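J.: First the structure, then my questions, so here it is.
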Amino acid sequence: MIKRLLIANRGEIAVRIIRSCREMGIETVGVYSTADADSLHVRLADRAICVGPPPSAKSYLRRESLIMAALHSGCEAIHPGVGFLSENAEFARLVQDQGLIFIGPDPQVIELLGDKVEARATAQKYGLPVTPGTGAVDPAADSAGGPGGSGGVEAAAAKLGFPVIIKAAAGGGGKGMRIVHNPADLAENIRIAKYEAQANFADGTVFIEKYLENPRHVELQILADGGGTVAVLGERDCSVQKNHQKLIEESPSPGVREEMRRAMRAGAVPLFKELKYRGAGTIEFLVENDAFYFMEVNARIQVEHPVSEFVSGVDIVRQQILACTEGRMELDPAGVDLRGWAMECRINAASPGKISRLEIPGGPGVRFDSFLYTGCSVPPQYDSMVGKLIVHGRDRPHALARMNRALEELRIEGITTNINRQKKILNHPGFRSGTFGTSFYEKIQEEIEKEPQNGH
Ligand code: ADP
228 MIKRLLIANR GEIAVRIIRS CREMGIETVG VYSTADADSL HVRLADRAIC
278 VGPPPSAKSY LRRESLIMAA LHSGCEAIHP GVGFLSENAE FARLVQDQGL
328 IFIGPDPQVI ELLGDKVEAR ATAQKYGLPV TPGTGAVDPA ADSAGGPGGS
378 GGVEAAAAKL GFPVIIKAAA GGGGKGMRIV HNPADLAENI RIAKYEAQAN
428 FADGTVFIEK YLENPRHVEL QILADGGGTV AVLGERDCSV QKNHQKLIEE
478 SPSPGVREEM RRAMRAGAVP LFKELKYRGA GTIEFLVEND AFYFMEVNAR
528 IQVEHPVSEF VSGVDIVRQQ ILACTEGRME LDPAGVDLRG WAMECRINAA
578 SPGKISRLEI PGGPGVRFDS FLYTGCSVPP QYDSMVGKLI VHGRDRPHAL
628 ARMNRALEEL RIEGITTNIN RQKKILNHPG FRSGTFGTSF YEKIQEEIEK
678 EPQNGH
């Protein structure tokens, strides 16, 4: 077992990783920006190193500083968490070049999966259905790959049928996507999308997919040991989204039947086996009626992993670290037993500020993952998510009742949060019925957001 690990991240995910490491007897080294000096992960880590002279927004992206901190503090491994450098193949390579273990798959695998065009082609190679779409498109060269053939971008899009969605090959986090309803707007939108992709992701490659009007977002939680053993910890439904950003996640999905569940799993496992995938990963699908389509793989732990932890009873971070440091996991891939129903509400801050009062819910089947404590500050530089409230119940009605009572108990004062809005979504008939898709929130947005948010 490794003795010491550096966490190249902040906030609740850094706290989450520290918790597993402590149980495993692994010492943790935290890093922090000057804006985060009083953050909970800094207090909980065995040691913390400042990598953040202003501007602190960039601190957690300073690759050399992070690696230097790991080397100087005697760490053997680096855990990238989520976001920041978690899917950066070049960072993973730099880490390995210094003789450190990167908690994640091989850099080549990150690279392959990080390019959505390549990932789609790879998925197709393994027989997975992908959302109808093209390869990389470039109207300047007037060529389009994939099913559109060489008839030009317009012809390829017409063949898919409007609306279509233009995506950045290197995009992520719900950014870099443009929906086009009208053929006349296509060329202009591709031009803008390419420009934005280049500016945001340093790669102007874009491609086109058929835009599905109201699909479900369903994803499988994967854990793999790097030697071909692949476990699936069930699926998560992440269809409640605002501007393509997930708000509520649950497992299992209320819209997936056993037959589809089995088909998804049967399609996904060979892909991860063949890639010799290592650690935690997620394969995302869009589901429409009885069909499912591969969307992408996220080669890292995900924000919504606790819902899978609740239904499987597996500590995903622990298994991820074991897989990446020792090539083994403490679970039988054939025997993952999924029980009950889990649900997560993301708690977002509407604005930065100081937490004047915090009351955390408890009781059976309730978990609150957060970096908040009374008196702490939520800095303006980072993600607006300040915590995740996760519950586990016997079945969906039980999980819903539990989430309702946990949201009632949760009090965060000093900043404005989305707690009340989450309650409203949860109790909306559309959500309760379980029949919603990814455009559900847009349809109820006005109703949910008509009153100003408050701080409870
Ligand atoms: P990111 O990597 O930025 O998270 P994804 O490819 O995972 O982007 O897509 C995020 C969300 O965008 C999906 O959950 C879905 O709501 C929407 N989306 C993506 N592709 C399509 C599509 N072809 N049709 C309809 N919605 C889509």
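Here the sequence shown stands for residues 228 to 683, numbered as in the working numbering.
All residues carry an ideal CB built from backbone N, CA and C; glycine is no exception.
In this text the structure is predicted, and so the values were computed from the model without any measurement.
Among all the DSSP beta bridges, which residues are the ones paired with C465?
T.: Here residue 465 corresponds to residue number 238 of the sequence shown, with the count starting at 1. Bridge partners of C465: none, in fact.
J.: Would you say the beta carbon of K437 is closer than 7 Å to some non-hydrogen atom of the ligand ADP?
T.: Within the sequence shown, residue 437 is the residue found at index 210, counting from 1. Yes, Cβ of K437 sits closer than 7 Å to a heavy atom of the ligand ADP.
J.: With a threshold of 7 Å (Cβ to nearest heavy atom), would G379 be considered close to the ligand ADP?
T.: As a first step, residue 379 is located in the sequence shown; it is residue number 152 there, counting from the start. No, the Cβ of G379 stays beyond 7 Å of every heavy atom of the ligand ADP.
J.: Buried or exposed, going by whether 16 or more other CB atoms sit within 10 Å of the CB of I245?
T.: On the sequence shown, residue 245 is found 18 positions in, with the first residue counted as 1. Buried.
J.: To which residues of the same chain is I330 closer than 8 Å at the C-beta, ignoring the five residues directly before and after it?
T.: On the sequence shown, residue 330 is found 103 positions in, with the first residue counted as 1. If we look at I330 and ignore the five residues flanking it on each side, its Cβ neighbours are L232, A304, I305, H306, P307, G506, Q547, I548, C551 and T552.
J.: Determine the contact status of V584 and K615, defining contact as a CB-CB distance below 8 Å.
T.: Position 357 of the sequence shown, counted from the first residue, corresponds to residue 584. Position 388 of the sequence shown, counted from the first residue, corresponds to residue 615. According to the sequence provided, residue 584 is Arg. The question's Val does not apply to it. For R584 and K615, no; Cβs fall outside 8 Å.
J.: Looking only at C-alpha atoms, which of P359, V538 and F389 sits nearest to L447?
T.: On the sequence shown, position 220 is the one that residue 447 refers to. Of the candidates P359, V538 and F389, the one whose C-alpha sits nearest the C-alpha of L447 is V538.
J.: Give the straight-line distance between the Cα atoms of E291 and V256, rounded to the nearest whole angstrom.
T.: The count along the sequence shown starts at 1 and reaches residue 291 at position 64. The count along the sequence shown starts at 1 and reaches residue 256 at position 29. Using only the alpha carbons, I get a separation of about 16 Å.
J.: Given the structure, does E523 come close to the ligand ADP, in the sense that its CB is under 7 Å from one of the ligand's heavy atoms?
T.: Position 296 of the sequence shown holds residue 523. Flag set: Cβ of E523 near the ligand ADP.
J.: Measure the C-alpha to C-alpha separation of P588 and A633 and round it to an integer number of angstroms.
T.: By 1-based counting over the sequence shown, the position of residue 588 is 361. By 1-based counting over the sequence shown, the position of residue 633 is 406. One C-alpha to the other measures close to 5 Å.
J.: Which two residues bound the contiguous beta strand (DSSP E) that contains N575?
T.: In the sequence shown, counting from the first residue as 1, residue 575 sits at position 348. Element bounds for N575: W568 to N575.
J.: Using CA coordinates, which residue listed in F663, I675, L599 and L565 is at the minimum distance from D622?
T.: Here residue 622 refers to the residue found at position 395 when the sequence shown is read from its first residue. D622 has its Cα closest to that of L565, out of F663, I675, L599 and L565.
J.: Here's the rule: buried if 16 or more other CB atoms are within 10 angstroms of the residue's CB, otherwise exposed. What is E317?
T.: As a working note, residue 317 is residue 90 in the sequence shown. Classification of E317: exposed, given that the 10 Å Cβ count is below 16.
J.: Report the rounded CA-to-CA distance for M556 versus L450, giving the unit in angstroms.
T.: Taking the sequence shown and counting its residues from 1, one reaches residue 556 at position 329. Taking the sequence shown and counting its residues from 1, one reaches residue 450 at position 223. Distance between the alpha carbons of M556 and L450 is about 9 Å.
J.: Distance, Cα to Cα, D324 vs G455?
T.: Here residue 324 refers to the residue found at position 97 when the sequence shown is read from its first residue. Here residue 455 refers to the residue found at position 228 when the sequence shown is read from its first residue. Distance between the alpha carbons of D324 and G455 is about 24 Å.
J.: Taking the alpha-carbon positions, what's the E586 to T432 distance?
T.: Counted from its first residue, the sequence shown places residue 586 at position 359. Counted from its first residue, the sequence shown places residue 432 at position 205. If I take the Cα positions, the gap works out to 46 Å.
J.: So for I417, helix, strand or coil by DSSP?
T.: The residue you call residue 417 lines up with position 190 of the sequence shown. DSSP places I417 in helix when its eight states are reduced to three.
J.: Give the DSSP-derived three-state secondary structure of L474 in the structure shown.
T.: Along the sequence shown, read from residue 1 onward, the residue named residue 474 stands at position 247. Strand.
J.: Cβ of V445 within 8 Å of Cβ of V483?
T.: The count along the sequence shown starts at 1 and reaches residue 445 at position 218. The count along the sequence shown starts at 1 and reaches residue 483 at position 256. The answer is yes: Cβ separation under 8 Å.
J.: Can you find the residues in the same chain that come closer than 6 Å, C-beta to C-beta, to N525, ignoring five residues on each side of it along the sequence?
T.: Numbered from its first residue, the sequence shown carries residue 525 at position 298. Cβ within range, chain order: T509.
J.: Does F499 come out as helix, strand or coil in the three-state DSSP assignment?
T.: Taking the sequence shown and counting its residues from 1, one reaches residue 499 at position 272. It is helical.
J.: Quick one: which unbroken alpha helix (DSSP H) runs of 4-plus residues sit fully inside the region 556–643? Chain order, please.
T.: List check, alpha helix (DSSP H) in window: 623–636.
J.: From what residue to what residue does the alpha helix (DSSP H) around F521 run?
T.: Taking the sequence shown and counting its residues from 1, the one referred to as residue 521 is at position 294. Premise fails: F521 lies in the beta strand (DSSP E), A518 to N525, not in any alpha helix (DSSP H).
J.: How is Y668 classed by DSSP in three states: helix, strand or coil?
T.: As a working note, residue 668 is residue 441 in the sequence shown. Correct three-state label for Y668: helix.
J.: Return helix, strand or coil for E515, following the three-state DSSP convention.
T.: Looking up residue 515 in the sequence shown gives position 288. Here E515 sits in strand by DSSP.
J.: Please go through the same chain and pick out, in chain order, the residues whose beta-carbon is closer than 8 Å to the beta-carbon of A628, but skip the five residues on each side of it.
T.: Mapped onto the sequence shown, residue 628 falls at position 401. Once the five neighbours on either side are set aside, the close Cβ partners of A628 are G620.
J.: Could you check whether the Cβ of L627 sits closer than 7 Å to any heavy atom belonging to the ligand ADP?
T.: Numbered from 1 along the sequence shown, position 400 holds the residue referred to as residue 627. No, since every heavy atom of the ligand ADP falls outside the 7 Å radius drawn around the Cβ of L627.
J.: DSSP has G257 in a bridge; who is on the other side?
T.: Locating residue 257 in the sequence shown gives position 30, counting from the first residue. G257 pairs with I234 and A275.
J.: Quick check: is the beta carbon of R347 nearer than 8 Å to any beta carbon in chain D?
T.: The structure shown contains no chain D; it is built from a single protein chain.
J.: Following a CB-centred definition, is H532 positioned closer than 7 Å to any heavy atom of the ligand ADP?
T.: For the purposes of this step, residue 532 is taken as residue 305 along the sequence shown, with counting starting at 1. The answer is no for H532.
J.: Taking three-plus beta-carbon pairs below 8 Å as touching, is the region 377–392 in contact with the region 517–532?
T.: No, because fewer than three Cβ pairs between the region 377–392 and the region 517–532 fall closer than 8 Å, the two stretches do not touch.
J.: If you follow the beta strand (DSSP E) that R289 is part of, which residue opens it and which one closes it?
T.: By 1-based counting over the sequence shown, the position of residue 289 is 62. Careful: R289 lies outside any beta strand (DSSP E) and carries neither H nor E.
J.: At a cut-off of 7 Å, is G326 close to the ligand ADP when judged by its beta-carbon and the heavy atoms of the ligand?
T.: Position 99 of the sequence shown, counted from the first residue, corresponds to residue 326. No, the Cβ of G326 stays beyond 7 Å of every heavy atom of the ligand ADP.
J.: Would I387 and G360 be called neighbours here (beta carbons separated by less than 8 Å)?
T.: To locate residue 387, count along the sequence shown from 1; it is residue 160. To locate residue 360, count along the sequence shown from 1; it is residue 133. Note on identity: in this sequence residue 387 is Leu, with Ile being the wrong assignment. Yes, Cβ-Cβ distance for L387 and G360 is below 8 Å.
J.: Sorry if obvious, but does the Cβ on I639 come closer than 7 Å to a heavy atom of the ligand ADP?
T.: Position 412 of the sequence shown, counted from the first residue, corresponds to residue 639. I639: no, Cβ never under 7 Å from the ligand ADP.
J.: For E345, which residues in the same chain have their Cβ closer than 6 Å to its Cβ, ignoring the five residues on either side in sequence?
T.: As a position in the sequence shown, residue 345 is number 118, starting the count at 1. L339.
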